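Colleague: For what it's worth, the working numbering labels the leading residue of the sequence shown as 6, then goes sequentially.
We treat Cβ as the ideally placed atom computed from N, Cα and C, and that holds for glycine.
Just so it is clear, the structure is predicted and the values come from calculations on it, not from any experiment.
My questions all concern the structure below.
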Amino acid sequence: MNGGMLHDLVIRDGTLVTVSEIIQADLGIQNGKIATIGQGLKGKDILSARGMLVVPGAIDTHVHLEMPTPATVSSDDWRSGTMAAAHGGTTTVIDFVEPEARQSLLAALQQRKAQAEGRAAIDYSLHMTLSQADEETLAEIPKVLQEGISSFKVYTVYEGLRLDDHGMVQVLAEVSRYGGLVIAHAENEAIVRHATQALLRAGKTGPESHPLSRPAVAEGEAVERMLSLAEYTHVPILIVHVSTQRGAEAVGRARRRGQTAFGETCPQYLLLDDTAYSQPDFGGAKFVCSPPLRKPEDNQFLWKALAEGEVQTVGTDHCPFFFVGQKDLERGDFTRIPSGIPGIEARFALLYTFGVQAGRISLNRWVEACCTAPARIFGLYPRKGALLPGADADLVLFDPKRTVTLTADFLHENVDYTPYEGLKLQGYPVLTLLRGEVLVREGEFIGTQGRGQFLKRTTKKW
Ligand code: URP
Ligand code: ZN
Ligand code: ZN
């Protein structure tokens, strides 16, 4: 159709991968958008993609950049975190607004947007955290939606963030009324509190107690409960960072009974297990995240759930803290280790090596889980996550033959370790484009600094 058009840029001879197709074609870009997919396209600039996979820019819907905790702040800011993401082929992130107690949601949203503006290297959006169920907060929900924030985060744990069941029902009902999506961190608070107290009383204060303080049953119960409350209030729900077989099975059951329910897992729950907490010299602290790393059987089940569609997306829950000076400050009490691990940069490549190369998921499923399903679920599709005329030209040239050994030095995250240290990957992004501009080429950031745009998202009919 546009075969005769002289495009701004043509990506020539690549293997284009979408959720349903793998085709050899050229891709023409005009004014930052995908204009044409076809053969023999003409362009002012030509980029050869021979031997490369050409895929939509990956979308990470779960990151915590410069996130304050009671004692510190996550170590990647909007600049460093999004640059690292771009190196790994991620071109859109969704982070969180966490209003302070009694702070207006809209005021908190404006503050958080101001932090990102002019600093984010890639496009971004935000989820609104709802940690209070008072009248003022509930009344602001439709106004938040009008600002282009269509997903609302709730917690069943963490003092200051968690809602009790009645507050939860109120919040879910209100989000449902206005057509929003709920996303939930689901662990049973009473179990976590009881197990933690027992461990501390017994003097078991090291990082190896962390997984024991948050057992699989705590996730299983809370995921079931959140799905039930969402069913009652008729609200679409996504359970974030599903870490257990039990959690994934619960999401699968809800979907089979017709509920609009989704599950997200993360590379750490697919690839790492709770033996990491026994690393010497307090090294287990590097892996303290909530929910904790689980058993190899959970890893295997989550791969299967991802392949078969019981779990739809893979986010990172990127929440980095330096080992030296942040994670290791309070060696005498595992509950005081800042919770969270880095992962924003390597997700796409990890999923390729250990998913596609290992025969656990197909190429199409890889693109779906990391790019297209996040866009669809979070109201960004087809602008993002798609190789379609009219979509933003957010693209990755991914070399399936490139070998890389992951180390903290190789990565661009602002943190002194990676939980994936030493892993050998086959397949890595070699070029990342954001809206038609090359951001990263062969490991070098060459794009315009701070060009990321805030993305207004819409609600959708499920
Ligand atoms: O331990 C974690 N995951 N920290 C980040 C906040 C959260 O719970 O997702
Ligand atoms: Zn969480
Ligand atoms: Zn998180």
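(1) What three-state label does DSSP hand Val445 in the structure shown?
(2) Reducing DSSP to helix, strand and coil, say where Glu313 ends up.
(3) Distance, Cα to Cα, Leu277 vs Lys332?
(4) Within 10 angstroms of the Cβ of Thr453, are there 16 or more other Cβ atoms? Answer buried if so, exposed if not.
(5) Is it true that the segment 128–144 meets the segment 92–108, where meeting means three or more beta-carbon pairs spaced less than 8 angstroms apart?
(6) At which residue ranges does the segment 218–293 contain complete alpha helix (DSSP H) runs of 4 or more residues, listed in the order of the chain?
(7) Is His132 near ligand 1, in the sense that its beta carbon is under 7 angstroms from a heavy atom of that ligand?
(8) Identify every residue that forms a DSSP beta bridge with Thr41.
(9) Could you please give me the residues that DSSP links to Met133 through a beta bridge?
(10) Quick one: what's got a C-beta closer than 7 angstroms to Arg440's C-beta in the same chain, skipping five residues either side?
(11) The beta strand (DSSP E) that contains Thr437, what's its start and end?
(12) If I measure Cβ to Cβ from Phe157 and keep anything under 6 angstroms in the same chain, skipping five residues before and after, which residues do I get?
(13) Ser156: beta carbon under 7 angstroms from a heavy atom of ligand 2?
(14) On the three-state DSSP scale, how would you describe Phe403?
(15) So His12 is in the beta strand (DSSP E); what residue range does that whole segment cover?
(16) Just how far apart, CA to CA, sit Leu243 and Ile451?
(17) Could you tell me whether any non-hydrogen atom of ligand 5 is closer than 7 angstroms to the CB of Val245?
(18) Between the alpha carbons of Gly288 and Asp414, how many angstroms are there, rounded?
(19) With DSSP run on the structure shown, which of helix, strand or coil describes Leu460?
(20) Can you name the start and end residues of the alpha helix (DSSP H) that Asp143 belongs to?
(21) Check each candidate in Gly257, Glu426 and Glu335 and name the one with the smallest Cα separation from Leu307.
(22) So Ile188 is in the beta strand (DSSP E); what residue range does that whole segment cover?
(23) Given this structure, state the Cα-to-Cα distance separating Phe292 from Leu428, to the nearest angstrom.
(24) Quick check on Phe306: does DSSP put it in helix, strand or coil?
(25) Say the cut is 7 angstroms; is the CB of Asp322 nearer than that to a heavy atom of ligand 1?
(26) Spatial neighbours of Pro405 within its chain, please: C-beta separation below 7 angstroms, excluding the five flanking residues on both sides.
(27) Check whether the segment 306–323 touches the segment 341–348, taking contact to mean three or more Cβ pairs, one atom from each stretch, closer than 8 angstroms.
(28) Do the CB positions of Ile16 and Ala40 come within less than 8 angstroms of each other?
(29) Name the DSSP beta bridge partners of Ser53, please?
(30) Is any heavy atom of ligand 3 found at a distance shorter than 7 angstroms from the C-beta of Glu215?
(31) Would Glu192 and Ser283 qualify as a contact pair, given that the criterion is a beta-carbon distance under 8 angstroms?
(32) For Lys465, which of helix, strand or coil comes out of DSSP?
(33) Could you pull the DSSP bridge partners for Ala126 from this structure?
(34) Taking the DSSP output, what are the residues bridged to Ala90?
(35) Hey, could you find the ends of the beta strand (DSSP E) Val60 is sitting in?
(36) Check this for me: beta carbons of Arg260 and Gly384, under 8 angstroms apart or not?
Modeller: Quick answer:
(1) strand
(2) helix
(3) 19 angstroms
(4) exposed
(5) yes
(6) 221–238, 250–261 and 272–276
(7) no
(8) Gly33
(9) Val102 and Phe157
(10) Gly37, Asp397, Ala398 and Asp399
(11) Lys429 to Leu439
(12) Met133, Leu135, Val180, Gly185 and Val187
(13) no
(14) strand
(15) Leu11 to Val22
(16) 35 angstroms
(17) Because ligand 5 does not appear in the structure shown, any question about it cannot be addressed here, the ligands present being ligand 1, ligand 2 and ligand 3.
(18) 18 angstroms
(19) coil
(20) Sequence inspection shows Leu at residue 143; the Asp mentioned does not correspond to that position. Note, Leu143: alpha helix (DSSP H), Glu140 to Gln151.
(21) Gly257
(22) Leu186 to His190
(23) 16 angstroms
(24) helix
(25) yes
(26) Leu58 and Gly432
(27) yes
(28) no
(29) Arg17
(30) Per the sequence shown, the amino acid found at residue 215 is His instead of Glu. No, since every heavy atom of ligand 3 falls outside the 7 angstroms radius drawn around the Cβ of His215.
(31) no
(32) coil
(33) Answer by DSSP bridge pairing: none, since Ala126 is not bridged.
(34) In the DSSP output, where bridge partners are listed per residue, Ala90 has none listed.
(35) Leu58 to Pro61
(36) no
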